[in-house]
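A.B. asks: Read in order, the letters of the sequence shown are residues -20 to -1, 1 to 161 in mature numbering (1 follows the signal peptide of the UniProt record, and there is no 0). Note that the Cβ used here is the ideal one computed from N, Cα and C, for glycine as well. Below you will find the structure I want to go over with you.
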Amino acid sequence: MNKLLLGAILFLISSTVAQAGNSARSGHLGDYSDNLFYHQSYRLQTIDVKERYDKPCFMEARFLGSDTNGGPDFQTVQQNNCRFSPFEGANSAVGLTYGDIRYLRVCHSSSGRVKGYKIGGYNNQGLWDTDAYVRPNCSNWKREVYCPKGEVANGIRGYFKATSGTKSDILVGMQLLCRAD
């Protein structure tokens, strides 16, 4: 009995601690996850989540790196878990152009869907900056999560709750993928 209790406690602790090189998770675990990542040397610049019938099911991430001439190079990666297009497309992107994202926090509706998100990091002048998008039914802010000290976000992991049939899978949590600065 004591070993079972100790095992359950260790599992709970390990599920809330960030993996090396990543932030912890803000929001729920879901049934599966998808990573939005371009290249190790690129930095995450913006995050966008779109909905279909009030269900957050589409994620887009924009990354900044350098082209072969040393100039800025932007790349976009998308994950569409919406069951049919089109999704509803209000401008919901948040970002730090030419900045370093280091912080993330999501907000849930009463049904556990991601309905808002905040990011933070240092802008190109080295000052702390934040950006946020909040839908009207955002009612429950989840914990703030950070890249480990000395690291910046170069990707994002979305956690989705699977649905069946023609229903879109639902975004329920997010995590920053991080690398050394």
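Note down, one range per segment and in chain order, each beta strand (DSSP E) of at least 3 residues found wholly within the region 37 to 107.
C.D. replies: 52 to 60, 80 to 88 and 94 to 102
A.B. asks: What would DSSP say about glutamate 131, mapped onto helix, strand or coil?
C.D. replies: Along the sequence shown, read from residue 1 onward, the residue named residue 131 stands at position 151. Glutamate 131: strand per DSSP, three-state reduction.
A.B. asks: Quickly, what does DSSP pair lysine 35 with across the bridge? List them, please.
C.D. replies: Locating residue 35 in the sequence shown gives position 55, counting from the first residue. According to DSSP, lysine 35 bridges with Arg32.
A.B. asks: What span of residues does the beta strand (DSSP E) with aspartate 14 cover, start to end?
C.D. replies: By 1-based counting over the sequence shown, the position of residue 14 is 34. Note, aspartate 14: beta strand (DSSP E), 12 to 17.
A.B. asks: For the beta strand (DSSP E) that contains glutamine 155, what are its first and last residues?
C.D. replies: Counted from its first residue, the sequence shown places residue 155 at position 175. Looking at the DSSP string, the run of the beta strand (DSSP E) that includes glutamine 155 is 150 to 160.
A.B. asks: Just the Cα atoms here: how many angstroms apart are glycine 1 and threonine 143?
C.D. replies: Within the sequence shown, residue 1 is the residue found at index 21, counting from 1. Within the sequence shown, residue 143 is the residue found at index 163, counting from 1. The straight-line gap from Cα to Cα measures roughly 30 Å.
A.B. asks: Which word fits asparagine 15, buried or exposed, when buried means at least 16 other C-beta atoms lie within 10 angstroms of its C-beta?
C.D. replies: Here residue 15 refers to the residue found at position 35 when the sequence shown is read from its first residue. When all chains shown are included, asparagine 15 counts as exposed.
A.B. asks: Within the same chain, show all residues whose beta-carbon is closer than 6 Å to that of serine 58, passing over the 5 residues directly before and after it, in chain order.
C.D. replies: For this step, residue 58 is matched to residue 78 along the sequence shown. In the sequence on display, residue 58 carries glutamine and not serine. Within the same chain, glutamine 58 has close Cβ partners Glu40.
A.B. asks: Over what stretch of residues does the beta strand (DSSP E) that includes serine 119 continue unbroken?
C.D. replies: If you number the sequence shown from 1, residue 119 lands on position 139. First-last for serine 119: undefined, no H or E at that position.
A.B. asks: Give the DSSP-derived three-state secondary structure of glycine 138 in the structure shown.
C.D. replies: Your numbering for residue 138 matches position 158 in the sequence shown. Strand.
A.B. asks: Output needed for aspartate 149: all residues of its chain with C-beta closer than 7 Å, excluding positions within five of it in sequence on either side, in chain order.
C.D. replies: Position 169 of the sequence shown, counted from the start, is the residue given in the question as residue 149. Correct list, in chain order: Cys37, Asn61, Phe140, Lys141, Ala142 and Thr143.
A.B. asks: Using the beta-carbon count (16 or more within 10 Å), is tyrosine 33 buried or exposed?
C.D. replies: The residue you call residue 33 lines up with position 53 of the sequence shown. The residue in question, tyrosine 33, is exposed, as its Cβ has fewer than 16 Cβ neighbours within 10 Å.
A.B. asks: Spatial neighbours of leucine -16 within its chain, please: CB distance less than 7 Å, with the 5 preceding and 5 following residues excluded, ordered by chain position.
C.D. replies: In the sequence shown, counting from the first residue as 1, residue -16 sits at position 5. The pLDDT assigned to leucine -16 is 42, lower than 50, so where the model puts this residue is not dependable, and the model offers no usable value.
A.B. asks: Could you say which of Asn134, Lys147, Thr146 and Asp161 lies nearest to glutamine 155 if we only look at CA atoms?
C.D. replies: Taking the sequence shown and counting its residues from 1, one reaches residue 155 at position 175. The candidate whose alpha carbon is nearest that of glutamine 155 is Asn134.
A.B. asks: Express the C-alpha separation of serine 90 and asparagine 117 in angstroms, rounding to a whole number.
C.D. replies: Working through the sequence shown from its first residue, we reach residue 117 at position 137. Working through the sequence shown from its first residue, we reach residue 90 at position 110. Our two residues, asparagine 117 and serine 90, have alpha carbons roughly 8 Å apart in a direct line.
A.B. asks: Apart from the five residues just before and just after serine 46, which ones in its own chain have a Cβ nearer than 8 Å to its Cβ?
C.D. replies: Your numbering for residue 46 matches position 66 in the sequence shown. Ser21, Pro52 and Asp53.
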